[in-house]
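Trainee: Structure provided below as structure tokens; questions to follow.
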Amino acid sequence: MKKFVALTIAATLSLTGQVVQAAPQAAPASVDSTNLVEKQSPPPDTKYIEHVLLWSTGGYNYFEVSIREVETNREIAHQKVYPTDRFQTKFNINNSLLVEGNSYRINISAFNDRIKPPRPIARGNLTYKVNKLYTYKDGETAQINIDLKRVLW
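All the letters of the sequence shown, read from the start, carry residue numbers -22 to -1, 1 to 131 under mature numbering (1 follows the signal peptide of the UniProt record, and there is no 0).
So this is what it looks like as structure tokens:
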């Protein structure tokens, strides 16, 4: 019960934006310790760098964005995205999912509502390495541009 209360308090504090430092605990025997990802705590007075994906809207109705860690092939994001304007679509990556120094495989598939059953009509992908996660500047952005290419069936 004491462990449950401590975890609940830590989760509540981390959701409200307060930094929580917990004493390291041994992993259970059933968990492979090589798969555990250690989250870095931000240096004092720093802000997250905003990681933004940009691609041409190209008249497509919607897109699917998938982000996977290269090393473990673990999917950290999979989301349906609608165009943000007529010419370019923007997608902000949740910084809490990223780890500094890791590489990520980003895949984007474009769809059109007229094709049934839905099949991607364009795709784009790239591998992106997160060099920096934090900054002392306001509004620093890492812009990631992706080109979509038509898919031939």
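Think of the CB as a built atom: it goes at the ideal place given N, C-alpha and C, for glycine as much as any other residue.
1) Does the distance from the C-beta atom of residue 41 to that of residue 86 stay below 7 Å?
2) Is residue 19 helix, strand or coil when you go by DSSP?
3) If residue 31 sits next to residue 69, beta carbons under 8 Å apart, how far is it from one beta carbon to the other, in whole angstroms?
4) Does the Cβ of residue 29 have 16 or more other Cβ atoms within 10 Å, making it buried, or fewer, making it exposed?
5) Residue ranges of each beta strand (DSSP E) run of no fewer than 3 residues wholly in the segment 83 to 110, ordered along the chain?
6) Which partner residues of residue 30 appear in the DSSP bridge assignment?
7) Between the alpha carbons of residue 47 and residue 73, how many angstroms are there, rounded?
8) Mind checking which residues open and close the beta strand (DSSP E) that includes residue 65?
9) Hey, how far is the Cα of residue 56 from the Cα of residue 23?
10) Any idea which residues DSSP pairs residue 45 with across the strands?
Mentor: On the basis of the coordinates in this document:
1) Against a cut-off of 7 Å, the Cβ pair of residue 86 and residue 41 comes out as a contact.
2) DSSP places residue 19 in coil when its eight states are reduced to three.
3) Contact holds; Cβ gap of about 4 Å.
4) Residue 29 comes out buried.
5) Those beta strand (DSSP E) runs which fall completely within the segment 83 to 110 and span 3+ residues are 100 to 107.
6) Residue pairing by DSSP places residue 30 opposite 70 and 121 in a beta bridge.
7) So the two alpha carbons sit approximately 14 Å from each other.
8) If you look at residue 65, you'll find it isn't in any beta strand (DSSP E); DSSP assigns it neither H nor E.
9) When rounded, the distance between both Cα atoms is 31 Å.
10) BP columns for residue 45 point to 55 and 84.
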